[in-house]
Each structure stands twice: as structure tokens, then as C-alpha cells.
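Residue numbers (my numbering): 149 to 573. Cβ coordinates follow ideal geometry from the N, Cα and C atoms, glycine included. Treat the numbers as computed from the prediction; the structure is a model and nothing was measured.
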């Protein structure tokens with residue numbers, strides 16, 4: 149990770165973990181991956197974490213930030229859902245064809261879940277029942293399932309009989325058997341008609357890690373307050389998202405994931421918020437709240453992002469609100485490469501920023517790009533360059549404009565971070 153010039157401190161990065169375990173077909177080729185929440189490089193589900201917390205954190209950190217295609221190599225993804233996640237419409241944060249949604253064995257409120265699954269299946273979503281145990285509890289859910297997952301029982305004939313029974317009762321369902329640990333079990337299950345296979349015999353879950361920036365607690369509280377009202381104030385949502393780099397990154401990812409048009413480009417935070425609409429924004433905030441994020445402490449990297457964003461927006465205000473908003477986004481994202489350990493050209497592609505903003509970030513083109521060069525020159529105390537860039541942006545302005553804008557930008561960043569610090573645990 150690169151060092152920053154802001155007060156001589158290194159940026160700090162949060163590492164996020166996720167495990168993926170392949171699911172194989174009868175030819176032992178990878179059919180899909182199951183994604184599993186992890187808190188560390190230890191390849192185990194964290195003790196004390198509820199299904200709801202795990203679902204929220206998996207959605208918010210991994211799926212929204214990184215994207216399913218990066219985690220599964222464009223293979224189908226199986227994702228565990230808690231009861232609350234199903235009822236709160238978390239699936240609608242994903243394209244219907246992008247994942248298989250697993251109903252876990254600890255699911256409650258079965259009648260409500262059945263109703264919601266029926267609604268979502270009409271929209272094209274696919275479902276799997278995890279760890280089916282043969283109890284009456286699942287009778288209303290089984291006919292709705294595209295996949296039914298079993299765990300190996302011994303003697304193996306018990307599992308074989310269950311496979312055959314399910315095949316007779318639900319011929320359209322695909323049967324997956326988990327926890328296969330030896331070749332003999334695989335061979336017998338295959339002979340019994342099992343469709344897909346998962347277990348240590350094939351591959352253990354692989355732990356993936358990636359750089360991550362978590363939203364602040366204040367942003368969580370603010371957004372919850374905004375979305376609790378009958379009518380969402382999009383301006384207020386945009387302002388709160390714009391103060392938090394973690395939220396900005398995920399909002400942009402969410403637009404990219406939900407857009408059926410691969411050519412969709414985003415030019416500002418307000419455009420992204422309006423594009424998503426009330427329902428998606430409310431679902432987004434539910435994920436945020438359930439995942440219990442927001443425990444990060446103020447960092448100099450965050451301060452740098454906020455300062456740059458506010459400074460550029462102030463310098464571009466005479467050009468109109470749209471240009472000013474675009475400048476804010478350029479400033480905010482200009483440090484995302486350091487946070488995510490990702491090259492800046494990948495950042496522009498990941499978040500579908502479009503040619504204009506991408507060019508500003510990568511080549512310092514346009515008014516936004518020149519403004520980014522200006523703020524970097526100030527950070528490096530290259531005053532001759534500062535004067536040159538100022539002339540290109542605002543030819544009739546004196547250096548006082550730069551000093552006033554930087555003072556206001558730093559005060560803005562300090563105010564945001566002070567507020568965060570005052571409520572941090």
C-alpha cells in the first residue's frame with residue numbers, strides 16, 4: 149500500500165475474508181461455488197455470529213463491494229440467507245440470474261418465507277434448501293426449490309434412499325449432497341442419482357481476502373434515519389453517502405450489479421442514488437444495519453478523501469451543480485486504490501464511472517481532472533503548479549480562492565470526522 153503525503157501517516161486498510169467451496173457435477177467439473185462468511189483467515193464460521201449478521205456482512209462487504217463475478221469467476225454462486233434477509237428482500241440487491249439463494253436449516257417463520265419465495269421466484273430468482281433433514285417443517289417449501297441439499301449420512305444407504313425419494317416426489321429439483329469425504333461415497337451417491345456433489349473429498353473451502361473500507365457508525369445512523377421516513381429525501385441520502393467512502397463504493401457497485409445495461413455509466417453520487425430508487429435504497433440500508441458495520445475509527449485516509457472531495461466541489465461550483473457533484477466524486481474515489489489495494493484503472497472499471505470521470509481520475513483530463521491535480525499540488529506544496537492549475541480552472545481568480553476553499557474543505561473533513569469520533573465505541 150502506498151504512503152500518503154497527508155500529515156506523513158500511512159493509510160490503514162481493513163482486510164475482508166470470505167470462503168468459497170466448489171460444487172461439482174458428476175464429471176467432477178466445477179458447477180458452482182458456495183460463498184461462506186468468515187471474519188479471519190481461520191477457515192471456520194465465527195463463533196457468536198448469527199445467521200442474520202453473517203448474511204448482512206456477506207452481502208454488504210463481499211457481494212456489494214467486490215461483485216459476485218470476481219468471487220466466483222463467473223460461475224453460479226450459492227449464498228446462505230437468514231430468515232430476516234429473505235423477508236427484508238435482500239435478494240433484490242442481486243440480479244435474479246446471478247445466484248442461487250439458500251434457505252438455511254435454522255429458518256423460522258416458514259409461512260412468511262414461503263410467501264416471499266413464491267414472489268421472488270416469479271421474478272426469476274432460484275432457491276436451494278440447505279441441509280434438508282426430512283422433517284414436516286419443509287413440506288410447503290420443498291415444491292418451490294430448484295435445488296435440495298443433503299448431508300451425507302452413514303450408512304450411505306440412508307442418503308441414497310433419501311435421494312431416490314426426493315427424485316420421485318420432486319423430479320425437477322436438482323439434488324446436491326454435501327460433506328462427501330471419500331471416493332466410495334461419491335461413487336455410490338452418483339449411482340443413486342445424485343446430481344451435484346460437495347465436500348472435502350473434492351476441495352475444502354478456499355479463503356479469499358481483499359482490501360475493504362467499512363462505513364462509519366454515523367453514516368449508518370444517518371441513513372437509517374433518512375430511510376425511516378415515508379418519503380425518502382434523496383438529497384439527504386446523497387449527502388450522507390457522499391461523506392463516507394465505504395458507502396460510496398458500495399452504492400456504485402450496487403448500481404452496476406442491478407443495471408441490465410452494461411453500458412450504464414455513473415457521473416455523480418446523486419445520479420446513483422436516484423437511479424436506485426426508494427426500494428433499493430431501503431434494502432441497501434437494511435443490509436447495512438443488519439451487518440452491524442460502522443465500527444471503524446476515523447483515519448487520515450478518510451480525511452484525505454473528504455478534503456479532496458469537498459475542495460474540488462467548491463472549486464467547480466461556478467460551473468454548476470452537476471460539475472461540482474462530479475468533482476466531489478472524483479475527489480472521494482481518488483484514494484480508493486490505496487484502500488482496496490487495487491489499481492485505479494480497475495477502480496474506474498469496477499464502478500462503471502464512464503469515460504469522463506475515468507479520464508479525470510486516470511489522466512487528469514477535463515475540469516475535474518485538473519482540479520484533482522490542483523489539490524494534489526497543494527498537498528505537495530508545489531505552489532507554482534497550483535497557480536498554473538488554478539488559471540486553467542478559474543482564470544479570473546486569485547490564490548485566495550484556493551486557500552479559502554482548502555480551509556473550508558479541511559474544516560468540512562474535520563467536522564465529519566469529529567462527529568464520527570464522538571459516537572465511536
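Spatial neighbours of residue 560 within its chain, please: CB distance less than 7 Å, with the 5 preceding and 5 following residues excluded, ordered by chain position.
If you number the chain shown from 1, residue 560 lands on position 412. Excluding sequence neighbours, residue 560 sits near 454, 458.
Residue 485 classed as buried or exposed, judged by whether at least 16 other C-beta atoms fall within 10 angstroms:
Within the chain shown, numbered from 1, the residue matching residue 485 stands at position 337. Buried, because 16 or more other Cβ atoms sit within 10 Å of the Cβ of residue 485.
Find out if the Cβ-Cβ distance for the pair residue 172, residue 345 is shorter than 7 Å.
Taking the chain shown and counting its residues from 1, one reaches residue 172 at position 24. Taking the chain shown and counting its residues from 1, one reaches residue 345 at position 197. The answer is yes: Cβ separation under 7 Å.
Do residue 116 and residue 325 have their C-beta atoms closer together than 7 Å?
Residue 116 lies beyond the residue range present for the chain, which begins at 149 and ends at 573; the question has no answer from this structure.
Kindly confirm or deny that the stretch 216-233 and the stretch 414-432 touch, where touching means at least three C-beta pairs closer than 8 Å.
no
Considering Cα atoms alone, identify which of 174, 239, 236, 227 is closest to residue 278.
Sequence index remark: in the chain shown, residue 278 carries index 130 (1-based). Nearest C-alpha to residue 278: 227.
Look up residue 229 in the DSSP assignment and give the residues it is bridged to.
Residue mapping note: residue 229 aligns to position 81 of the chain shown, counting from 1. Beta-bridge pairing links residue 229 to 251.
Can the beta-carbon of residue 509 be found less than 7 Å from the beta-carbon of residue 492?
The count along the chain shown starts at 1 and reaches residue 509 at position 361. The count along the chain shown starts at 1 and reaches residue 492 at position 344. Yes.
Hey, would you say the C-beta of residue 528 is under 6 Å away from at least one heavy atom of the ligand ATP?
Of ligands this structure carries none, so the ligand ATP is not represented either.
Sort out for me which residues DSSP pairs residue 295 with in a bridge.
Here residue 295 corresponds to residue number 147 of the chain shown, with the count starting at 1. Paired residue(s): 276, 322.
Please name the residue in 429, 418, 482, 430 whose C-alpha comes closest to that of residue 470.
Taking the chain shown and counting its residues from 1, the one referred to as residue 470 is at position 322. Considering only alpha carbons, the answer is 418.
Could you tell me which residues DSSP puts in a beta bridge with residue 178?
Your numbering for residue 178 matches position 30 in the chain shown. Partner(s): 172.
Where do the ends of the alpha helix (DSSP H) carrying residue 383 lie?
Position 235 of the chain shown, counted from the start, is the residue given in the question as residue 383. Start and end: 382-390.
Using a Cβ-Cβ cut-off of 7 Å (strictly less than) and excluding sequence neighbours within five positions of residue 541, which residues of its own chain qualify?
In the chain shown, the residue the question calls residue 541 occupies position 393. Within the same chain, residue 541 has close Cβ partners 463, 515, 518, 519, 522.
In the DSSP output, what is residue 551 paired with across the bridge?
Counting from 1 along the chain shown, the entry for residue 551 is found at position 403. According to DSSP, which records beta bridges pairwise, residue 551 is partnered with nothing at all.
CA-to-CA distance, residue 532 to residue 547, given in whole angstroms
Locating residue 547 in the chain shown gives position 399, counting from the first residue. Locating residue 532 in the chain shown gives position 384, counting from the first residue. Rounded to whole angstroms, residue 547 to residue 532 spans 11 Å at the Cα level.
Which residues does DSSP pair with residue 345 in a beta bridge?
Reading the chain shown from its first residue, position 197 is the one you call residue 345. BP columns for residue 345 point to 172, 325.
From residue 352 to residue 169, what does the alpha carbon distance come to, in whole angstroms?
Walking along the chain shown from the start, residue 352 turns up at place 204. Walking along the chain shown from the start, residue 169 turns up at place 21. Rounded to whole angstroms, residue 352 to residue 169 spans 6 Å at the Cα level.
Taking the C-alpha atoms as reference points, what is the distance between residue 174 and residue 257?
Residue 174 sits at position 26 when you count from the first residue of the chain shown. Residue 257 sits at position 109 when you count from the first residue of the chain shown. Taking the straight line from one Cα to the other gives about 35 Å.
Indicate whether residue 322 and residue 295 have their beta-carbon atoms separated by less than 7 Å.
As a first step, residue 322 must be located in the chain shown, where it is residue number 174. As a first step, residue 295 must be located in the chain shown, where it is residue number 147. Taking 7 Å as the Cβ cut-off, residue 322 and residue 295 qualify as a contacting pair.
Identity of the residue in 384, 181, 176 nearest residue 594 by Cα:
For the chain, the structure presents residues 149 to 573; residue 594 sits outside this window and is missing.
Which of the three DSSP states is assigned to residue 542 in this structure?
Here residue 542 is taken as the residue at index 394 of the chain shown, counted from 1. The answer is coil: DSSP assigns residue 542 none of H, G, I, E or B.
Backbone CA spacing between residue 524 and residue 544 [nearest angstrom]
Looking up residue 524 in the chain shown gives position 376. Looking up residue 544 in the chain shown gives position 396. So the alpha carbons of these two residues sit roughly 21 Å apart.
Using only the alpha-carbon positions, how far apart do residue 506 and residue 385 sit?
Here residue 506 refers to the residue found at position 358 of the chain shown. Here residue 385 refers to the residue found at position 237 of the chain shown. About 24 Å.
Rounded to whole angstroms, what is the Cα-Cα separation between residue 461 and residue 349?
The residue given as residue 461 occupies position 313 in the chain shown. The residue given as residue 349 occupies position 201 in the chain shown. In a straight line, the C-alpha of residue 461 is about 56 Å away from that of residue 349.
Where the alpha helix (DSSP H) containing residue 506 begins and where it ends
What you label residue 506 is simply residue 358 of the chain shown in a count that begins at 1. Start and end: 502-511.
Specify the secondary structure class of residue 300 as computed by DSSP and reduced to three states.
Here the question's residue 300 lines up with position 152 in the chain shown. In this structure, residue 300 counts as coil in the three-state DSSP scheme.
Nearest-angstrom beta carbon gap, residue 341 and residue 327 [assumed within contact, 8 Å]
Working through the chain shown from its first residue, we reach residue 327 at position 179. Working through the chain shown from its first residue, we reach residue 341 at position 193. The pair is not a contact, with the Cβ atoms about 18 Å apart (cut-off 8 Å).
Under 7 Å between C-beta atoms of residue 265 and residue 292
Position 117 of the chain shown, counted from the start, is the residue given in the question as residue 265. Position 144 of the chain shown, counted from the start, is the residue given in the question as residue 292. In this structure, residue 292 lies closer than 7 Å to residue 265 by Cβ.
Using alpha carbons as the reference points, say which of 180, 178, 219 lies closest to residue 167.
Working through the chain shown from its first residue, we reach residue 167 at position 19. Comparing Cα positions, the closest option is 219.
Where residue 449 and residue 481 are concerned, what is the direct C-alpha to C-alpha distance, given to the nearest angstrom?
In the chain shown, counting from the first residue as 1, residue 449 sits at position 301. In the chain shown, counting from the first residue as 1, residue 481 sits at position 333. Each residue's alpha carbon lies about 11 Å from the other.
List the endpoints of the continuous alpha helix (DSSP H) containing residue 474.
For the purposes of this step, residue 474 is taken as residue 326 along the chain shown, with counting starting at 1. Unbroken alpha helix (DSSP H) run through residue 474: 469-481.
Outcome for residue 236 when other beta-carbon atoms lying within 10 angstroms are tallied against a minimum of 16
Position 88 of the chain shown, counted from the first residue, corresponds to residue 236. Residue 236 should be labelled buried.
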